[in-house]
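J.: Residue numbers (our numbering): 3 to 200.
Attaching a single structure in structure tokens format; questions to follow.
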């Protein structure tokens, strides 16, 4: 909320507004990524969303990296309500998980796609640094990085891991991050034990 940041966000606001007025016909699609459920992020999304919605709502592709867009998690319910109204009926939504897709139903996006927050770990060294053994390329290696929250699909990942194990598929799935909620941590550790995924 420093003066420098306020000036910067207002400059962006007017650039988007002017570009929309002058070059509306030349713009095919507009991509924007929501910042997150914190108060300052909601305010930024609203300020940038105003000119986007005035000029280019029918061209807006919205990507959401952060979870927690619900009444229980957002830091400011009034700003969240403004965001809900502002981004309603967007053209396209890209989200991380099926859970998040349901959480963002309020956007009423015409098209919804899921870009999962995990990928095959193909960048690892040929030598496993922990065991000093050569890595078996036949083993599926997956890596997830981020806070271990319910809206990140961690429980769903464990169910997928259980399915892989039941089908006899060898895999190594690493989760790098920390739990924010002790009850959810207990739930996940219980699932790991029940599925024998230690």
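C-beta atoms are modelled at their ideal positions from N, C-alpha and C, and glycine is treated no differently.
1. Can you look up residue 99 in the DSSP assignment and give me helix, strand or coil?
2. Tell me whether residue 63 sits in a helix, a strand or coil according to DSSP, three-state version.
3. Output the boundary residues of the alpha helix (DSSP H) element that contains residue 80.
4. Roughly how many angstroms lie between the CA atoms of residue 41 and residue 143, to the nearest whole one?
5. Leaving out the 5 sequence neighbours to the left and right, which residues in its chain are closer than 6 Å to residue 37 when beta-carbon positions are compared?
6. Which one of 118, 18, 96, 189 has the shortest CA to CA distance from residue 111?
7. Quick check on residue 68: buried or exposed, where buried means 16 or more other Cβ atoms within 10 Å of its Cβ?
8. Using a 10 Å radius around the Cβ and a threshold of 16 neighbouring Cβ atoms, would you call residue 178 buried or exposed?
9. Could you tell me whether the Cβ of residue 44 comes closer than 8 Å to any Cβ of chain B?
10. Could you tell me the boundaries of the alpha helix (DSSP H) in which residue 188 lies?
11. Helix, strand or coil for residue 116? Go by DSSP, reduced to three states.
12. Excluding sequence positions up to five away, which residues of its chain have a Cβ less than 8 Å from the Cβ of residue 158?
13. Can you give the Cα-Cα distance for residue 73 and residue 197, rounded to whole angstroms?
14. Near residue 150, which residues of its chain fall below 8 Å by C-beta distance, leaving aside the five closest residues on each side in sequence?
T.: Looking at the coordinates:
1. For the purposes of this step, residue 99 is taken as the residue at position 97 of the chain shown. Reduced to three states, the DSSP call for residue 99 is coil.
2. For the purposes of this step, residue 63 is taken as residue 61 along the chain shown, with counting starting at 1. Looking at residue 63 - three-state DSSP - the assignment turns out to be strand.
3. As a position in the chain shown, residue 80 is number 78, starting the count at 1. Segment 79-88, the alpha helix (DSSP H) holding residue 80.
4. Here residue 41 corresponds to residue number 39 of the chain shown, with the count starting at 1. Here residue 143 corresponds to residue number 141 of the chain shown, with the count starting at 1. When rounded, the distance between both Cα atoms is 37 Å.
5. Indexing the chain shown from 1 puts residue 37 at position 35. 43, 46, 47, listed in sequence order.
6. By one-based count along the chain shown, residue 111 stands at place 109. Of 118, 18, 96, 189, the residue nearest in Cα terms is 96.
7. Within the chain shown, numbered from 1, the residue matching residue 68 stands at position 66. Per the 10 Å Cβ criterion, buried.
8. For the purposes of this step, residue 178 is identified with residue 176 of the chain shown, where counting begins at 1. By the 10 Å Cβ count, residue 178 comes out exposed.
9. No chain B appears in this structure, which consists of one protein chain only.
10. Stepping through the chain shown from its first residue, residue 188 is reached at position 186. Residue 188 -> alpha helix (DSSP H) spans 184-196.
11. Walking along the chain shown from the start, residue 116 turns up at place 114. DSSP places residue 116 in strand when its eight states are reduced to three.
12. Counted from its first residue, the chain shown places residue 158 at position 156. Result list for residue 158: 99, 100, 101, in chain order.
13. Translated into the one-based positions of the chain shown, residue 73 becomes position 71. Translated into the one-based positions of the chain shown, residue 197 becomes position 195. One C-alpha to the other measures close to 32 Å.
14. The residue you call residue 150 lines up with position 148 of the chain shown. Same-chain partners within the cutoff: 156, 177, 179, 180, 181, 182, 186, 187, 190.
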